[in-house]
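Chains as they are written, first to last, in UniProt numbering: chain A, 1 to 329; chain B, 1 to 329.
By construction, the Cβ of each residue, glycine as well, lies at the ideal position given by its N, Cα and C atoms.
Small disclaimer: the values here were computed from a predicted structure and weren't measured.
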DNA sequence: ACCGGCTCTGCAAACGTTTGCATAGTTTCA
DNA sequence: TGAAACTATGCAAACGTTTGCAGAGCCGGT
């Protein structure tokens, strides 16, 4: 039923080789023949079988992307970037969600390995040990995780953290809480690093946590924060920040009048919250695209000359309504 | 470098046929040999090449799923269900985002067709005409779209709409606005159908719209609603409802005291909004799983006996804080 | 002793491509 | 005019599997 290269060849009155070449190495076949072949193919509705092609070329034209949790609104946006760029580069993408489970993640990489030219690991949860087992089975590109000299795109948060600190300082805050995310997370380490770099003599930082990077952890964090007597909060991410704001509202603490709140990620709902959340926007979609770029680069270049293996994306503080000058007590 | 069936055969001292059979038709090979083969394969780290297998069996072991827009929080959740169920059934899934573009969507189906055993179309934006062109190129399963006698899983909203209406009526609302979503959308038609079914003599419905199903359309809708003098709103979806609430807050209309608001979808941020949004929860993840079930069923059964081609999932009103008794004016 | 029927295994052909090598035709140049 | 160098095409082997067919060995019944 499906139309093969043989059908096209027969119909066009040429050999299969010619048809094949008309598609893959156009300059090897006479313009006239080429046109004829292409038209016949079009007329018959021929589309090359990528599996068969892959069998011989060793390239599949696919790659995989693994995310920890699709229901975390952070990931769909980077996925969107991956998606878009992949299509431009004529790759198809396999998606997998490992449910925050490192073992599952490793299994997925191994399962994918044969069907793809490479895989993009988004905020990988794997231990170094597990990583060692999969590195080498296929080409890997990491997003927001730095592992040895593997290619990676990193959304450096240091700059954003500095902007957040300076913003709060300018408003007059002198005692600020930072709510840690998961201890093992690269992102959290990165954000703390930014915190230390941005340290200033006129501001005291109170570190709390770690907390789960989820809305549900907000109340716990909020209660601790209130007890600390700070005037502003920087949360590990927006979900946590929103959870905190929700609890603050319940406890009658007005945001931003009595407590300023800053998040990280700029997930869609950050702008829709009341009050809209001041947050550090990451370039998720661009990160996705960059990861694809890195990967195709890795696959097409000779391999010897690595090129740029690391791409750092900066971020940007977006000031909305959840931050203002502290109430004078 | 990669280990093939040949390597295993040589190492185990049997023919490739035997190795192949040890994996695919275990009862055709002597238990003892089988064990030996399996162990050798394990030791060498052999994983069958699905492309090669697919070439001969005609099955790829993959399927595709196409969504209109990954950044719409509705889709990642159903995607998650698809994902999970697919893995259980030992399928890999291709993901594509058509950016709300019907033409793109059609192209994607055609591009995928050769690499998959079937594709799941999520809230397809294609016209009937475009659909006719792709039906038949591969097996299709629809989510939230009813097209001829193609298999589909539908999240019927009628029941949810009735619950919403009854809820508002019980609270004492007598004049309620419904904010339409996109005119052409199956979901919107379905919700209006539920609206008519739930019609009651003691309640007047004011239909407004259509509006884009997005947060940004909220202000426009809110302003119209205020002018209508209703005491409650049922919005086409949560994004729109949240946009409306945001505008209501800006205009000093208190929710829920002066205006009750009901959404549809129960996206994650519905529960995180202030006030938390009363909404009709769809079983997204289950819908995703059901779609996969339908698809594998379609592929494995003889084909003649269709089985159940349509799966209807009901939904559930979740009452939160955005609805209450109307203020007496 | 022989035959029929098992059970297990191997041989080789296929699946739809790409590609190295060979060939036929055309041009270039001495 | 003939060799050399291209250009355009075809032939056939390969990629890693699955599977129809056939053969080898064994068992039980006559």
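In the DSSP assignment, what are the bridge partners of residue i?
i	result
residue 143 of chain B	B:122 and B:153
residue 235 of chain A	A:179
residue 62 of chain B	B:92
residue 97 of chain A	A:67
residue 419 of chain A	An answer regarding residue 419 of chain A cannot be provided, because it is not within the stretch 1 to 329 covered by chain A.
Can a CB atom of chain B be found closer than 9 Å to the CB of residue i?
i	result
residue 254 of chain A	no
residue 94 of chain A	yes
residue 183 of chain A	no
residue 295 of chain A	no
residue 33 of chain A	no
residue 24 of chain A	no
residue 102 of chain A	no
residue 279 of chain A	no
residue 194 of chain A	no
residue 300 of chain A	no
residue 272 of chain A	yes
CA-CA distance, residue i and residue j?
i	j	result
residue 176 of chain A	residue 314 of chain A	23 Å
residue 170 of chain A	residue 164 of chain A	10 Å
residue 111 of chain B	residue 138 of chain A	25 Å
residue 255 of chain A	residue 62 of chain A	47 Å
residue 332 of chain A	residue 23 of chain A	Here chain A has residues from 1 to 329 only, and residue 332 of chain A is not among them.
residue 13 of chain A	residue 57 of chain B	29 Å
residue 166 of chain A	residue 151 of chain B	57 Å
residue 232 of chain A	residue 251 of chain A	16 Å
residue 74 of chain B	residue 38 of chain B	43 Å
residue 259 of chain B	residue 141 of chain B	40 Å
residue 225 of chain A	residue 4 of chain B	58 Å
residue 18 of chain A	residue 30 of chain A	10 Å
residue 1 of chain B	residue 120 of chain A	22 Å
residue 236 of chain B	residue 247 of chain A	28 Å
residue 93 of chain B	residue 133 of chain B	23 Å
residue 159 of chain A	residue 234 of chain A	14 Å
residue 328 of chain A	residue 261 of chain B	36 Å
residue 208 of chain B	residue 80 of chain A	32 Å
residue 174 of chain A	residue 127 of chain B	59 Å
residue 214 of chain A	residue 318 of chain A	21 Å
residue 108 of chain A	residue 66 of chain A	8 Å
residue 101 of chain B	residue 87 of chain A	14 Å
residue 50 of chain A	residue 59 of chain B	13 Å
residue 265 of chain B	residue 27 of chain B	48 Å
residue 191 of chain A	residue 219 of chain A	22 Å
residue 185 of chain B	residue 145 of chain B	8 Å
residue 324 of chain A	residue 205 of chain A	18 Å
Is there at least one Cβ from chain A nearer than 9 Å to residue i's Cβ?
i	result
residue 155 of chain B	no
residue 99 of chain B	yes
residue 168 of chain B	no
residue 62 of chain B	yes
residue 87 of chain B	yes
residue 30 of chain B	no
residue 287 of chain B	no
residue 323 of chain B	no
residue 2 of chain B	yes
residue 152 of chain B	no
residue 18 of chain B	no
Review point. Which residue spans inside the region 247 to 324 of chain B form an unbroken beta strand (DSSP E) run of at least 3?
Key: 260 to 265, 278 to 281, 310 to 313 and 316 to 318
Exercise for review: Below 7 Å between beta carbons is the criterion; list the residues of the region 42 to 58 of chain A that meet it against any residue of chain B, in chain order.
Suggested key: 47, 49, 50, 51, 52, 54 and 55
**Study point:** Interfacial residues, the region 243 to 268 of chain B to chain A, with Cβ spacing under 9 Å
**Key:** 243, 245, 246, 249, 267 and 268
Exercise for review: Name, going along the chain, the residues of the region 71 to 84 of chain A whose beta-carbon falls closer than 8 Å to a beta-carbon of chain B.
Suggested key: In summary, the residues of the region 71 to 84 of chain A whose CB is separated from some CB of chain B by less than 8 Å are 71, 73, 75, 76, 77, 79, 80, 83 and 84, in the order they occur in the chain.
**Study point:** Those runs of the alpha helix (DSSP H) which lie wholly inside the region 176 to 228 of chain A and span at least 4 residues
**Key:** 186 to 197 and 218 to 228
Point to revise | Interfacial residues, the region 204 to 235 of chain A to chain B, with Cβ spacing under 7 Å | key: 215
Review point. Whole alpha helix (DSSP H) runs in the region 15 to 56 of chain B with 4 or more residues, listed along the chain?
Key: Complete alpha helix (DSSP H) runs here, min 4: 16 to 24 and 31 to 44.
Check your understanding: When Cβ atoms are compared, which residues of the region 106 to 122 of chain A fall closer than 9 Å to chain B?
Key -> 108, 110, 111, 112, 113, 114 and 115
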